[in-house]
Amino acid sequence: MSRVLYLQVEPELLDYYVEKVKEHNQFENNPYPNSGFDLVCPYEVTTDQTFKMDFKVKAAMYTLPSFVSHCTNDNLKVKDKPMGYYLYPRSSISKTAFRMSNSVGIIDSGYRGNLCAYFDVLNTNNMSTTTMYTVESMQRLVQICSPTLEPFYVFLVDQLDSTERGVNGFGSSGI
């Protein structure tokens, strides 16, 4: 494993992510580790319109130096260079009426704000009737993936490092 994702979560989500991080980091016993780490929707939304979901997590991905053979809490502060990563829809999103508006989120290496995504609602009924659709609290719609889709370690942290880019998102790095 040559990559690590540091995840800062809101207090109300901490118990959930503690368990999911433990499950995710079980590489030694799994010959086929996951390429993605799922994020949950922290609140319910009922709508028939495009909406923005704030996942209430912040993240930063780094490559690990070559001398680090595996990542543990003891060498958690050892990191090499920051790297961008992707926010992809999970394959199970096809069972819902929701689609990520821009298909994939490209998260720049210096972004330190909350991870968010816009979702379109596909009206599966006659276009003349409005149907409301609900995203349930704790539903998994998206996953974080490394640029190469290689598995990566995930660690929960109290705070991410600061960057020049900071928390400015959605078009703040250009037009």
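Going by full-length UniProt numbering, the first residue of the sequence shown is number 1, and it counts up by one from there. Don't be surprised by glycine CBs; every beta carbon is placed ideally from N, CA and C.
In whole angstroms, what is the alpha-carbon distance linking residue i and residue j?
{"i": "N75", "j": "V9", "result": "Bear in mind that the predicted position of N75 carries a pLDDT of just 48, short of 50, making it unreliable; the figure below should be weighed with that in mind. Their backbone Cα atoms lie some 21 Å apart in a straight line."}
{"i": "G113", "j": "N30", "result": "32 Å"}
{"i": "M132", "j": "P65", "result": "49 Å"}
{"i": "A59", "j": "K52", "result": "18 Å"}
{"i": "Y62", "j": "V154", "result": "11 Å"}
{"i": "residue 176", "j": "C116", "result": "Absent from the model: residue 176. The displayed extent of the chain is 1 to 175, so no value can be given."}
{"i": "Y32", "j": "L149", "result": "12 Å"}
{"i": "S109", "j": "S162", "result": "11 Å"}
{"i": "V104", "j": "L156", "result": "24 Å"}
{"i": "V21", "j": "D15", "result": "10 Å"}
{"i": "residue 177", "j": "E28", "result": "Look at the range of the chain in this structure, 1 to 175, and you will see that residue 177 is not part of it."}
{"i": "Q159", "j": "V18", "result": "15 Å"}
{"i": "D54", "j": "T47", "result": "15 Å"}
{"i": "P82", "j": "S146", "result": "12 Å"}
{"i": "G36", "j": "E164", "result": "27 Å"}
{"i": "S94", "j": "I106", "result": "21 Å"}
{"i": "Y111", "j": "Y86", "result": "12 Å"}
{"i": "D80", "j": "T130", "result": "50 Å"}
{"i": "N34", "j": "L7", "result": "17 Å"}
{"i": "E23", "j": "S92", "result": "19 Å"}
Since residue i and residue j should fall inside the 8 Å C-beta cutoff, what is the C-beta to C-beta distance between them, to a whole number of angstroms?
{"i": "V142", "j": "Y88", "result": "7 Å"}
{"i": "D38", "j": "R90", "result": "7 Å"}
{"i": "L5", "j": "K56", "result": "L5 to K56, Cβ: 16 Å. No contact."}
{"i": "V40", "j": "R140", "result": "6 Å"}
Identify every residue that forms a DSSP beta bridge with residue i.
{"i": "L13", "result": "According to DSSP, L13 bridges with nothing at all."}
{"i": "G36", "result": "C145"}
{"i": "Y120", "result": "The sequence shown places Asp at residue 120, rather than the Tyr named in the question. R99, per the DSSP bridge assignment."}
{"i": "Y88", "result": "Q143"}
{"i": "M83", "result": "M61"}
{"i": "G105", "result": "L87"}
{"i": "D158", "result": "Note: D158 sits in no beta bridge, so no partner."}
{"i": "D54", "result": "C116"}
{"i": "residue 178", "result": "Missing from the structure shown is residue 178; the chain here goes from 1 to 175 and no further."}
{"i": "T134", "result": "T46"}
Beta-carbon separation of residue i and residue j under 9 Å?
{"i": "M138", "j": "P42", "result": "yes"}
Indicate whether at least one CB of chain C lies closer than 9 Å to the CB of residue i.
{"i": "K95", "result": "Given the protein chain composition of this structure (a single chain), no chain C is represented."}
* State whether the segment 90-105 contacts the segment 114-125, with contact taken as three or more CB pairs (one from each stretch) at a distance under 8 Å. => yes
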